[in-house]
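Some notes on the structure that comes next.
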Amino acid sequence: MERSEMTVDQKREALEKALDRTDMLMEDFLDVLRQDFGEKKRNHRDFSSAAQKIVPDEKPEEKPEDKPVGKDDERLHMSMSALSADASGCTRCCLCRTRKNVVFGTGCSDRPLVMVIGEGPGENEDIQGLPFVGKAGQYLDRWLAAITLSRDKNVYITNTVKCRPPQNRDPYPEEKEACFAFLKQQVALIRPSAILCLGKPASTLMTGQPEASMNALHGKFFFYDSIPMICTYHPAAVLRDPALKRPVWDDLKKLARYLGLETGGGKA
Ligand code: URA
37 MERSEMTVDQ KREALEKALD RTDMLMEDFL DVLRQDFGEK KRNHRDFSSA AQKIVPDEKP
97 EEKPEDKPVG KDDERLHMSM SALSADASGC TRCCLCRTRK NVVFGTGCSD RPLVMVIGEG
157 PGENEDIQGL PFVGKAGQYL DRWLAAITLS RDKNVYITNT VKCRPPQNRD PYPEEKEACF
217 AFLKQQVALI RPSAILCLGK PASTLMTGQP EASMNALHGK FFFYDSIPMI CTYHPAAVLR
277 DPALKRPVWD DLKKLARYLG LETGGGKA
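Numbering (the numbering used here), first residue to last: 37 to 304.
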């Protein structure tokens, strides 16, 4: 086992054994010398307190969950589970009245290669409480697989709004604004290597260009909170208009190149 993988108790035990072995060797060596002077063998020494001194107990870390929750600036100190719990009771906009579930996010939440930001939960997502589980989600999984990404391994997926807009309408600006506190904090906690925005609501929100078209935004690199970010069309839009496959594939290849990923020769 590597030293870095050992617990404090294991480190201390190993050290104690090493000191014991060294002591026995020293004793054997001294015995040879003592025979000449007729001295008595000394008692076995206890190294446990020396080992305790060299490998002290770890100080318990302060848990972010212990901090009070509720206000935006306090969210900066929250863990993902505390943030998700906070979102699950959110009543900041009227979407809370019609939602079945808050769809917070899914996938790898510890420094994934990519954080995908979609628009908002649809009917299936609202029922299951998970993002991108319907037809558009299955299509998204194929895009990700084409550049060796997967929500199980190296991708985190979320949306601009965590509650389903009725009849799958676009989220209103005030709804996106109300939910942005959660998204900002998700980015800050997750720290992905790159962000992929899908569709206009996510792309305009994250680039801070509310009037820009997808035609203008897609395929360019931006930075959000110092994290490289690229925008492309939403999978649902590509399912409706196959002419968008080519630009999406070009955008995905740019993202893959930036991350040093294989592109598998596929197509969106
Ligand atoms: N479309 C989105 O933008 N997000 C989802 O979670 C599902 C469909």
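Heads up, the beta-carbon is just placed ideally off N, CA and C, and yes, glycines get one too. The structure displayed is predicted, hence computed values, not measured ones.
Check whether the Cβ atoms of residue i and residue j sit closer than 8 angstroms, and answer yes or no.
{"i": "Pro271", "j": "Tyr175", "result": "yes"}
{"i": "Thr243", "j": "Leu232", "result": "no"}
{"i": "Met250", "j": "Phe258", "result": "no"}
{"i": "Gly255", "j": "Pro283", "result": "yes"}
{"i": "Ile163", "j": "Ala238", "result": "no"}
{"i": "Leu51", "j": "Ala87", "result": "yes"}
{"i": "Glu200", "j": "Arg135", "result": "Position check: residue 200 holds Arg in this sequence, whereas Glu was assumed. It is a contact, given that the beta carbons lie within the stated cut-off."}
{"i": "Phe83", "j": "Leu61", "result": "no"}
Considering only DSSP beta bridges, list what residue i is partnered with.
{"i": "Asn195", "result": "Gly154"}
{"i": "Cys233", "result": "Ile153, Cys267"}
Around the Cβ of residue i, are there at least 16 other Cβ atoms within 10 angstroms (buried) or fewer (exposed)?
{"i": "Ala292", "result": "buried"}
{"i": "Lys212", "result": "buried"}
{"i": "Lys53", "result": "exposed"}
{"i": "Ala181", "result": "exposed"}
{"i": "Arg48", "result": "buried"}
{"i": "Gln46", "result": "exposed"}
{"i": "Ser186", "result": "exposed"}
{"i": "Met37", "result": "exposed"}
{"i": "Ile183", "result": "buried"}
Original post:
Counting only runs that start and end within the stretch 246-290, where is the alpha helix (DSSP H) found for 4 or more residues in a row?
Top reply: 250-253, 271-276
**OP:** With a floor of 4 residues, list each alpha helix (DSSP H) that falls wholly inside the stretch 115-153, ordered by position along the chain.
**Re:** 116-124
**OP:** Say whether the stretch 156-171 touches the stretch 114-121, bearing in mind that this needs 3 or more beta-carbon pairs closer than 8 angstroms, one atom from each stretch.
**Re:** no
Subject >> Segment contact, 8 angstroms Cβ cut-off, at least three pairs: the stretch 215-228 with the stretch 184-196 >> reply: yes
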